[in-house]
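Engineer: Quick note: the sequence shown uses our numbering, first residue 4, plus one each step.
So that we are looking at the same thing, I have put the structure below in structure tokens.
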Amino acid sequence: MIFGYQPFATKDPKIFENPEDFVADRFVGDGEKMLKHVFWSNGRETDEPTPDNKMCPAKDLVELLCRVYLVEFFLRYDTFTFDFKPSVLGPSITIKSLTKASSTV
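Here it is as structure tokens:
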């Protein structure tokens with residue numbers, strides 16, 4: 004998958020508490036207000052795509068498909084192992100093994 008490089012957009016310590024840490028629920032509940040500080044494809048996360056702002060018209064579809072992909076991944080596999088390599092441009096993650104789910108929903 005190819006994604007925008009969000010760490011640049013979410014590491015401002017004036018806005019985000021613990022900007023260097025992954026906080027899974029950073030944008031959940033009251034944190035949803037912080038979405039206005041996240042930039043996506045020529046605009047803020049909370050903006051709607053228009054011809055004037057040149058945002059990707061499939062912005063919302065891309066987010067939905069990524070969520071569906073993750074749900075499907077965790078439904079299909081009980082465990083997985085991976086190699087993690089930090090990098091200046093972002094981490095590299097290589098999946099090494101997968102254990103199929105014992106039951107499917």
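Glycine included, every Cβ here is placed at the ideal spot set by N, Cα and C.
Starting from K14, trace the beta strand (DSSP E) both ways and give me its first and last residue.
Structural biologist: Residue mapping note: residue 14 aligns to position 11 of the sequence shown, counting from 1. Looking at the DSSP string, K14 is not in any beta strand (DSSP E), and its letter there is neither H nor E.
Engineer: Hey, K99 and T84 are a contact pair by Cβ (cut 8 Å); roughly how many whole angstroms apart?
Structural biologist: What you label residue 99 is simply residue 96 of the sequence shown in a count that begins at 1. What you label residue 84 is simply residue 81 of the sequence shown in a count that begins at 1. The pair is a contact, with the Cβ atoms about 5 Å apart (cut-off 8 Å).
Engineer: Under a three-way DSSP split, which group does V91 fall into?
Structural biologist: Numbered from its first residue, the sequence shown carries residue 91 at position 88. Residue state, collapsed to three classes: coil.
Engineer: Pull up the distance between the alpha-carbon of R47 and that of V71, whole angstroms please.
Structural biologist: Within the sequence shown, residue 47 is the residue found at index 44, counting from 1. Within the sequence shown, residue 71 is the residue found at index 68, counting from 1. Computed Cα separation, rounded: 23 Å.
Engineer: Please report the distance separating the alpha-carbon of K62 from that of A27.
Structural biologist: Mapped onto the sequence shown, residue 62 falls at position 59. Mapped onto the sequence shown, residue 27 falls at position 24. Approximately 21 Å between the Cα atoms of the pair.
Engineer: Taking T49 and L38 to be in contact with their CB atoms under 8 Å, please state how far apart those CB atoms are, rounded to whole angstroms.
Structural biologist: By 1-based counting over the sequence shown, the position of residue 49 is 46. By 1-based counting over the sequence shown, the position of residue 38 is 35. Right, the Cβ-Cβ distance comes to about 5 Å (below 8 Å), so this counts as a contact.
Engineer: Which class does K103 belong to by DSSP, given the choice of helix, strand or coil?
Structural biologist: Here the question's residue 103 lines up with position 100 in the sequence shown. Note: K103 maps to strand in three-state DSSP.
Engineer: With DSSP as the reference, label D50 as helix, strand or coil.
Structural biologist: Here the question's residue 50 lines up with position 47 in the sequence shown. In the structure shown, D50 sits in coil (DSSP, three-state: anything other than H, G, I, E or B).
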